[in-house]
Amino acid sequence: MEVRYTVRPESPLEHRGRFSIELNGVSTPSVDLVLPSWVPGSYLIRNYSRGFRDFSARREPDGSPLRVEPADKARWRVHTDGATRIRIDYSVYGHELITEGFDLTEEHLFLNGGLCFPYVDGELRTPATVTLDVPPSWTVVTELEPAGTTPPCFHARDYDELVDTPIDIGRPIVLTVQPAGIPHRICLCGEGGNYETATLERDVTNIVDASVALLGDSPLDRYTFFVHLTDKRDGGLEHLSSTSIVVERGCFRPEESYRRFLSTVAHEYLHLYNVKRIRPKALMPFDYTRENYTRLLWWMEGTTDYFTDLVLRRAGILTPVQFLEERAKLVKQYLETPGRNRLSLEDLSLVTWVDYYLPFEETPNQSVSYYLKGDLVSMCLDLEIRHRSESRSSLEAVLRLLWKEHGRTGVGVEEDGILPAVHRATGLDLSSFFDRYIRGTEEVDLAAFVRYAGLSLAPRQKRADDGDAAEPGDLGVAVEDAGGLARVRHSFVGRPAHAAGLTPGDEIVALNGSKVTYSTLDKLLEQYPSGTPVDLTVFRRGFLRRISLVTGRRPPWKYVFTPMPAPTETAKKVYESWLGEKWTPAPESD
Ligand SMILES: [Zn+2]
């Protein structure tokens, strides 16, 4: 069957695009057109079909109408009545500038195929063409293969490629860099943006160079970073040979914010290897109609996050001290999550569809992000390998082996495939490590692992010379601003408020009789240091009540990595191979 999609951004002011699908070679009494309920990389059922309207079908070439009816929420059935050539028309509302969005405005059309192009059931492997019937003054940027210029037309070898290759049409600023001799476009879409062109080009080049060096080679002959500048950050979504990043337009300064942007760039770029090509077998082929389960997302996301920081270090964007400071922030976040050992990393991966992607008030008590824990456990695994192999091997060798055996060959990774790959790459048996920290829920002794690199890891409370000496007492809640009121968003297991029965949704209005607002709660708690009995007055479901508790000690202000005074030679070597600098007992990392 021949499948041709056409896009017409007819009513940008109404954010509604007109689409058509021409099918040639139809031989069945009916044809089902199915829209994905999720797209790869974003593991949530999202019901993209809600913006679809005006479905109609006709026989070609005479144009006589054919009956078309919805068969489920994202499936339209066309009764072909013997026709072999059919044209289907529909319109889609798109006004959401997020990484996997469909956004049509006067300025641009940003399109992810999974949100706009229903596939013909049974024809997922069939090639397709996409014609973009757009104003000639608009530039088209996509990594789809060009198949014609007036109007612009592109070719996708199958539906997976179509879904995984976004298209941006408008007036972007396109920068081109050539790291590793491969053209990489940075397509900046949207007004404003406080980036500095030369700095951005240099840093992206260094990130790509460091990534290609880490993996050994590149499967691509071109790549595009779509960077959408808007008023709020959405993050990034990886694609086969591009990535879509949505950021706040002022994110390129100050340095810390810019580093966060570069971290997204590196993370998404590494995905072109890890997850896009080193891919769980359980996600092969994609079933776009329902949840696709894998236990490997901890590796696909958490380990990618770990390698992201390593790439930023290798690219010279993070100094060793900054690298360790970033690690220390993760440690704090991780150790303050009471639910970090409730599910194994493998189970967290599996339940992501109702867990990571659907966080709610109880999430921190019963779960932890597999990005966060996967990152830290990957660091520990790396340090364990470097220690036991006396720096002859590392997790980098494991990634390279997976790239060689799975990425380059297209063979999916089995659900239990990482452990044997570690063994093949390093010669070490890490089954106990996997049983305890990846398949199991044993507390990870982070300090013990970083000692392998000659570092100690310790908590630190705020000191007088850090300014703001008074340490407020701890309630153990996260509050949100509810029209000025301090409303409890999370009440953390093991801390005073949880034990006293303060509950998500409670609005704290007074503390020992003094009025509390969202902005004054923390300051007020300075008067009640750890160990002070206090009375809280809260509105619970609109009714006033009092709760008594004793304030606790706040979790450590921060964690710090410090070089040990007399590390072994093995530890010094681990430090040097890991951080890429000579062992020098530097001051502590803060
Ligand atoms: Zn990712």
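Taking this note's numbering, the leading residue of the sequence shown gets 448, the next gets one more, and so forth.
Backbone N, C-alpha and C fix where the C-beta goes; we use that ideal spot for every residue, glycine too.
Hey, is residue i close to ligand 1, as in C-beta under 7 Å from one of its heavy atoms?
i	result
Glu748	yes
Glu685	yes
His945	no
Thr690	no
Thr799	no
Thr751	yes
His542	no
His714	yes
Expressed to the nearest angstrom, what Euclidean distance is found between the alpha-carbon atoms of residue i and residue j?
i	j	result
Leu1038	Pro517	The requested residue 1038 does not occur in the structure, where the chain is confined to residues 448 to 1037.
Tyr537	Ser503	7 Å
Gly866	Phe770	Reading off the sequence shown, one finds Leu at residue 866, where the question assumed Gly. Computed Cα separation, rounded: 27 Å.
Gly859	Pro727	5 Å
Leu834	Pro943	Sequence inspection shows His at residue 834; the Leu mentioned does not correspond to that position. The straight-line gap from Cα to Cα measures roughly 40 Å.
Arg493	Asn739	14 Å
Leu819	Thr597	47 Å
Gly1027	Leu757	10 Å
Glu554	Ser584	11 Å
Trp800	Glu1016	46 Å
Phe530	Val824	Strictly speaking, residue 530 in this sequence is Ala, with Phe absent from that position. Cα-Cα distance, rounded: 58 Å.
Arg724	Glu772	31 Å
Gly637	Arg680	13 Å
Leu792	Ala729	17 Å
Leu1102	Glu703	This structure leaves residue 1102 out entirely; the chain is present only between 448 and 1037.
Ala627	Arg707	24 Å
Pro619	Tyr781	39 Å
Thr552	His542	7 Å
Arg572	Ala603	10 Å
Ile390	Arg883	Because residue 390 is not part of the residues shown, which for the chain are 448 to 1037, the question remains open.
Ala925	Asp969	11 Å
Ala521	Ser496	6 Å
Arg500	Phe466	11 Å
Thr578	Thr741	35 Å
Glu861	Pro613	28 Å
Leu849	Arg669	22 Å
For residue i, which residues of its own chain have a beta-carbon under 6 Å away from its beta-carbon, when the five flanking residues on both sides are left out?
i	result
Asp982	Asn959, Arg993, Ser995
Ile535	Ile468, Ala504
Gly697	Asn641
Tyr705	Phe699
Tyr753	Asp822, Ser825, Met826
Thr623	Pro630, Arg632
Val659	Ala627, Ser665
Identify, in the order they occur along the chain, each residue of the same chain with its Cβ nearer than 7 Å to the Cβ of residue i, setting aside the five sequence neighbours on each side.
i	result
Asp928	Tyr965
His945	Gly923, Ser938, Phe939
Glu1023	Lys1029, Trp1030
Ser816	Tyr803
Ala900	Leu830, Ala1018, Val1021, Tyr1022, Trp1025
Val486	Glu547, Asn559, Gly561, Val610
Gln908	Glu918, Pro1003, Trp1004
Could you round the C-beta distance between residue i and residue j to whole angstroms and report it? I think they count as a contact, below 8 Å.
i	j	result
Thr671	Glu590	5 Å
Val454	Val525	In fact, because the Cβ distance is near 20 Å, the residues do not count as touching under 8 Å.
Phe557	His675	7 Å
Glu954	Phe986	4 Å
Leu719	Thr755	In fact, because the Cβ distance is near 13 Å, the residues do not count as touching under 8 Å.
Glu449	Gly472	6 Å
Gly683	Arg847	No, Gly683 and Arg847 are not in contact; Cβ-Cβ is about 24 Å, not under 8 Å.
Ile654	Phe673	Not confirmed; about 16 Å, so no contact.
Gln813	Arg789	5 Å
Val651	Cys634	Actually they are not in contact, since the Cβ atoms of Val651 and Cys634 sit about 12 Å apart, beyond 8 Å.
Is there at least one non-hydrogen atom of ligand 3 closer than 7 Å to the beta-carbon of residue i?
i	result
His718	Because ligand 3 does not appear in the structure shown, any question about it cannot be addressed here, the ligands present being ligand 1.
In chain order, what residues of the same chain lie with their CB nearer than 8 Å to the CB of residue i, ignoring the 5 residues before and after it?
i	result
Ala905	Ala894, Tyr1006, Val1007, Thr1009
Val515	Phe502, Ser503, Ala504, Trp523, Arg524, Val525, His526, Ile535
Thr750	Asn721, Gly821, Asp822, Ser825, Leu842, Leu846
Val997	Pro943, Gly978, Thr979, Pro980, Val981
Restricting to runs no shorter than 4 residues, where is the alpha helix (DSSP H) found entirely within the stretch 649–734? Whole alpha helix (DSSP H) segments, 4+ residues: 702–718.
Which full runs of the alpha helix (DSSP H) of 4+ residues lie inside the stretch 947–1028, going along the chain? Taking only runs of at least 4 residues, the alpha helix (DSSP H) segments lying wholly in the stretch 947–1028 are 968–972, 1016–1026.
Counting only runs of 4+ residues fully inside the stretch 555–613, write out the alpha helix (DSSP H) ranges in chain order. Taken in chain order, the complete alpha helix (DSSP H) segments of 4 residues or longer contained in the stretch 555–613 are 560–563, 606–610.
Note down, one range per segment and in chain order, each beta strand (DSSP E) of at least 3 residues found wholly within the stretch 863–895. Whole beta strand (DSSP E) segments, 3+ residues: zero.
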